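Peer 1:
There are 2 protein chains.
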Amino acid sequence: MSLRFALLALLRVGPLSGYDLQKQFALSVGHVWHAPDSQIYPELRKMEAEGLVEGEEQARGQRGTRRVYHVTDAGERAFQEWMRSPLEYARVRDPAHLRAAYLEASTPAAAREFFRAHIAQWEGELAQWEGELKRIAALDNPMLARRLAATPPPDRERTVAFKRFTYEGLVERARGEIDWARRGLALVDGLEAADGEWAGSGANGA
Amino acid sequence: MSLRFALLALLRVGPLSGYDLQKQFALSVGHVWHAPDSQIYPELRKMEAEGLVEGEEQARGQRGTRRVYHVTDAGERAFQEWMRSPLEYARVRDPAHLRAAYLEASTPAAAREFFRAHIAQWEGELAQWEGELKRIAALDNPMLARRLAATPPPDRERTVAFKRFTYEGLVERARGEIDWARRGLALVDGLEAADGEWAGSGANGA
DNA sequence: TGAATTTACCTATGTCGATAGGGAATGTCC
DNA sequence: GGACATTCCCTATCGACATAGGTAAATTCA
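Taken in sequence, the protein lines are chains A and B. Counting from 1, one number per residue, gives the positions in the first sequence under full-length UniProt numbering. Counting from 1, one number per residue, gives the positions in the second sequence under full-length UniProt numbering.
1. Considering only the beta carbon of each residue, do tyrosine 167 of chain A and tryptophan 129 of chain A sit closer than 8 Å?
2. Counting Cβ pairs, one atom from each stretch, are 3 or more of them under 8 Å apart for the segment 84–103 of chain A and the segment 31–47 of chain B?
3. Spell out the partners DSSP gives valine 53 of chain A in its beta bridges.
4. Excluding five sequence neighbours on each side, which residues of the same chain lie with their C-beta closer than 6 Å to the C-beta of glutamate 172 of chain A?
5. By DSSP's criteria, threonine 65 of chain B is part of a beta bridge. Which residues make up the other side?
6. Quick check on the DSSP output: the alpha helix (DSSP H) that includes tyrosine 167 of chain B runs from which residue to which?
7. According to DSSP, which residues form a beta bridge with tryptophan 33 of chain A?
8. Near alanine 26 of chain A, what residues of its chain come up, given a Cβ to Cβ distance below 7 Å and the 5 sequence neighbours on each side ignored?
9. Starting from glutamine 121 of chain A, find everything on chain B with Cβ-Cβ shorter than 7 Å and list it in chain order.
10. Give the DSSP-derived three-state secondary structure of serine 17 of chain A in the structure shown.
11. Here's a check: name, in chain order, each residue in its chain whose Cβ is nearer than 8 Å to the Cβ of phenylalanine 79 of chain B, leaving out the five neighbours to either side.
12. How many angstroms separate the CA atom of leucine 126 of chain B from the CA atom of glycine 169 of chain A?
13. Ordered along the chain, which non-local residues of its own chain (more than five positions away) have a Cβ less than 6 Å from that of isoleucine 119 of chain B?
14. Would you check if there are 3 or more beta carbon pairs closer than 8 Å linking the segment 135–144 of chain B to the segment 188–195 of chain B?
15. Rounded to the nearest angstrom, how far is the Cβ of alanine 117 of chain A from that of proline 86 of chain B, given a contact under 8 Å?
16. What is the DSSP secondary structure of glycine 200 of chain B, reduced to helix, strand or coil?
17. Name the chain B residues that come within less than 7 Å of valine 32 of chain A, Cβ to Cβ?
18. Any Cβ of chain B within less than 8 Å of the Cβ of leucine 16 of chain A?
19. Distance check for threonine 159 of chain B and glutamate 43 of chain B, CA to CA, integer angstroms please.
20. Would you kindly report the start and end of the unbroken alpha helix (DSSP H) that includes arginine 12 of chain B?
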């Protein structure tokens, strides 16, 4: 359900072809709401059928076409209503915490590998979000620039502020996960120092 | 796919009926991997068909029955293999950050309500996980006690340590979300102080 | 003893999402 | 001009999940 609002968020700035929309999606809104193109196109068609967006065929080259979508009044109202509605929280399904809770069933080596991989995963995320923050600070992000160009000057600071705030949140999240996994590595060290290498296979321990 | 490993994690401790399993699931593993009973029962049947668990019908009262499941050797091997395999990270779909990125389209009042609701949501989670940590410290959690009873003494500290560590991670996560939302409230205050009340309806600002 | 609750388990329906493709037209480069 | 890349868009298949129920038997409680 939230995919449509993610798409509306991006389309409100101005009309875009399906392809440009999904390209820009991946580089902006897609950082907080992932969707592959195979999901975006059918969703756009659905939204069109429901009157939230309108698509117009445009010529491309001699015989090609593309479809350019814009948000309708109904679409704008739906977006505003969503912004005011209570958020729907997904139920937790956290593979890392699931595994961490049962690491006594593993070995120190496998546990360390798990934490190292977790750190690597979230260091990748951290680097990405820090890069985005730099681009925001430099106003060097094409999607944000496009958005600011379509925004009256009094609103620009606010637009930038909320975008910045969001990425700061992603940075903090990534840092939290890295810290947690580092503490996990320390825990494995401590347990191994106390007990020696353990092998957790078998339901009742080694 | 991870539901089966969550179920195996719990079942490795000892055989359980389907009903007891889903009850205990909700109070333990379900904190990191949610699944309703309507999902658990079919999954157990599937796992049985694949040889990961075995179920035995037992009499219950005069005419009733229940099915008690235990992990097979193949199931144990599958669990161990999963513990060693690279974790599969779900793609991000974060409704709160999605909305936060576009709060300039909202009003200060609605933005504050959003952050307050977010704080309330995560304060609920925080209270729950802190409660679990207290129960772990007091060894007052029936599932953990059952698990420790089935665990050789040298392994008990380790079992408790990883469980504690996992809930500490959940606590930190909750705190991070609350802090973020508090900073969001401060941001709204600051923007309102600078610009006065804004109304973000309309794609190009008020 | 009968009503209410719990134990025990299940199905149906639909949505959302993953993944592995695919085709056609246009544009770029050697 | 042909090979390759990009633009533009799409489908099929399947698994995971949400939700709204449902039935039957046993147990509990007033």
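C-beta: ideal position from N, C-alpha, C; glycine also. Note that the coordinates shown come from a computational prediction; the quantities given were computed from them, not determined experimentally.
Peer 2: Put simply:
1. The criterion of a C-beta distance shorter than 8 Å is satisfied by tyrosine 167 of chain A and tryptophan 129 of chain A.
2. At 8 Å Cβ cutoff, the stretches touch.
3. A:Val71
4. none
5. B:Ala59
6. Tyrosine 167 of chain B -> alpha helix (DSSP H) spans 153–195.
7. B:Arg93
8. none
9. Tyr89
10. strand
11. Phe5, Leu8, Ala9, Arg12 and Val71
12. 18 Å
13. Ile178 and Ala181
14. No, the segment 135–144 of chain B is not in contact with the segment 188–195 of chain B.
15. 6 Å
16. coil
17. Val92, Asp94, His97, Leu98 and Ala101
18. no
19. 26 Å
20. Arginine 12 of chain B -> no alpha helix (DSSP H), and no H or E assigned at all.
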